[in-house]
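**Q**
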Amino acid sequence: MVAIKIKCRTIARGVAEGEVLLSSDALSFLGNVDPKTGVVVDPSHAIYGKCIKDMVLVFPHGKGSTVGSYVIYQLKKNNVAPAAMINIDSEPIVAVGAIISGIPLVDRLEEDPYEVLSDGDHVKVDSSNGCIEIPE
1 MVAIKIKCRT IARGVAEGEV LLSSDALSFL GNVDPKTGVV VDPSHAIYGK CIKDMVLVFP
61 HGKGSTVGSY VIYQLKKNNV APAAMINIDS EPIVAVGAII SGIPLVDRLE EDPYEVLSDG
121 DHVKVDSSNG CIEIPE
């Protein structure tokens, strides 16, 4: 099976794969996500009620408090973190959280992830080589 490879910028190195969970909303890990369960708890958020555990979480960028980096780390320690994350344009809070937690994170894909990915797609994030792979 041949995969479609899309180049991107590496933020946090690593390789992971999983099911895509798309969010059109920016994400504040402090307040939007329960660090014990990995469930999005903000009722106004696009992916309210969904669990991010083991998902390839796609969202435009992070927002909010610098404590969000620590919440990402808590998600990892509680085994409810995403397998990988894809941003349109990552920012320091999410970047630091991904780096300290060992979660692959990429951004600035050469194609719009909202046009090439759908909820439930299986995708491999190979941030060590600066690409994502989508099986055909």
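In the working numbering, the protein residues as written are 1 to 136.
Cβ atoms here follow ideal geometry from the backbone N, Cα and C, with glycine treated the same way.
Source: prediction; values computed, not measured.
1. How close, in whole Å, do the beta carbons of A81 and G18 come, if the pair is a contact with beta carbons under 8 Å?
2. State the start and end residues of the unbroken alpha helix (DSSP H) segment that holds P113.
3. Considering only their Cβ atoms, is the gap separating V20 from V56 smaller than 7 Å?
4. Looking at the secondary structure, which residues open and close the alpha helix (DSSP H) in which A95 lies?
5. Short check: CB of G68 to CB of S28, under 7 Å?
6. Between which two residues does the beta strand (DSSP E) carrying I72 extend?
7. Can you tell which of E111, R108, K36 and S24 has the C-alpha that lies nearest to the C-alpha of K76?
8. Which term fits A3, buried or exposed, when burial requires 16 or more other beta carbons within 10 angstroms of its beta carbon?
9. CA-CA distance, E111 and V123?
10. Where does G120 sit, in a helix, a strand or coil, going by DSSP?
11. From the DSSP output, in three-state form, read off N129 for me.
12. Check each candidate in S44, G14 and E115 and name the one with the smallest Cα separation from A26.
**A** Once the coordinates are examined:
1. A81 to G18, Cβ: 11 Å. No contact.
2. P113 to V116
3. yes
4. P92 to S101
5. yes
6. Unbroken run through I72 is the alpha helix (DSSP H), V67 to K77; no beta strand (DSSP E).
7. K36
8. exposed
9. 14 Å
10. coil
11. coil
12. S44
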